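Novice: A single structure is presented below for examination.
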Amino acid sequence: MKHCIISHLDPDHIGGLADFPQATIHVSAVELQSFLTGDPRYRPQLSISHY
(Lines of atoms letter the chains of each structure in order from A and count residues from 1; the text may use other names and numbers.)
(Lines give C-alpha, C1' and ligand atoms only; values in the text may rest on other atoms or scores of the structure.)
Protein backbone atom coordinates (compact mmCIF):
# COMPACT_ATOMS: atom_id res chain seq x y z
CA MET A 1 0.00 0.00 0.00
CA LYS A 2 1.41 3.38 -0.99
CA HIS A 3 -1.10 5.78 0.57
CA CYS A 4 -3.48 5.67 3.52
CA ILE A 5 -6.19 8.32 3.90
CA ILE A 6 -7.32 8.70 7.51
CA SER A 7 -10.65 10.43 8.13
CA HIS A 8 -10.03 10.75 11.87
CA LEU A 9 -7.35 9.67 14.29
CA ASP A 10 -9.33 7.60 16.79
CA PRO A 11 -7.15 4.83 18.27
CA ASP A 12 -9.20 2.09 16.60
CA HIS A 13 -8.57 3.68 13.19
CA ILE A 14 -4.82 4.24 13.48
CA GLY A 15 -3.74 1.23 15.51
CA GLY A 16 -2.59 -0.75 12.48
CA LEU A 17 -0.71 1.99 10.65
CA ALA A 18 2.63 0.58 11.78
CA ASP A 19 1.90 -2.42 9.53
CA PHE A 20 2.39 -0.13 6.52
CA PRO A 21 5.76 1.57 7.13
CA GLN A 22 6.22 2.60 3.49
CA ALA A 23 2.78 4.21 3.15
CA THR A 24 2.27 7.95 3.08
CA ILE A 25 -0.38 8.85 5.64
CA HIS A 26 -2.86 11.57 4.67
CA VAL A 27 -4.92 13.37 7.32
CA SER A 28 -6.44 16.85 7.47
CA ALA A 29 -4.50 19.59 9.23
CA VAL A 30 -7.45 20.26 11.56
CA GLU A 31 -7.66 16.60 12.58
CA LEU A 32 -3.91 16.34 13.13
CA GLN A 33 -3.85 19.50 15.25
CA SER A 34 -6.65 18.18 17.47
CA PHE A 35 -4.76 14.93 17.92
CA LEU A 36 -1.43 16.60 18.69
CA THR A 37 -2.89 19.05 21.22
CA GLY A 38 -4.28 16.27 23.40
CA ASP A 39 -7.99 16.47 22.64
CA PRO A 40 -9.61 14.04 25.15
CA ARG A 41 -11.41 12.32 22.28
CA TYR A 42 -8.13 10.65 21.30
CA ARG A 43 -7.32 9.08 24.64
CA PRO A 44 -7.64 5.31 24.40
CA GLN A 45 -10.67 4.02 26.23
CA LEU A 46 -11.19 0.49 27.41
CA SER A 47 -14.44 -0.99 28.49
CA ILE A 48 -15.59 -4.47 29.38
CA SER A 49 -17.53 -4.52 26.11
CA HIS A 50 -14.22 -4.62 24.22
CA TYR A 51 -13.58 -8.13 25.53
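Residue numbers for the sequence shown follow this note's numbering, so the first one is 9 and each next one is one higher.
Glycine included, every Cβ here is placed at the ideal spot set by N, Cα and C.
Predicted model only: the values in this text are computed from it and were never measured.
Residue range of the beta strand (DSSP E) that I14 falls in?
Specialist: From DSSP, I14 is part of no beta strand (DSSP E); its letter is neither H nor E.
Novice: DSSP beta-bridge partners for T32?
Specialist: H11
Novice: Buried or exposed: which applies to L25, given that a residue is buried once 16 or more other Cβ atoms fall within 10 Å of its Cβ?
Specialist: exposed
Novice: Taking L25 as part of the alpha helix (DSSP H), name the residues at either end of that continuous run.
Specialist: Counting along the chain, L25 falls outside any alpha helix (DSSP H), and DSSP gives it neither H nor E.
Novice: Suppose the cutoff is 7 Å on Cβ atoms and the five residues either side in sequence are ignored; what does the same chain contact list for E39 look like?
Specialist: H16 and L17
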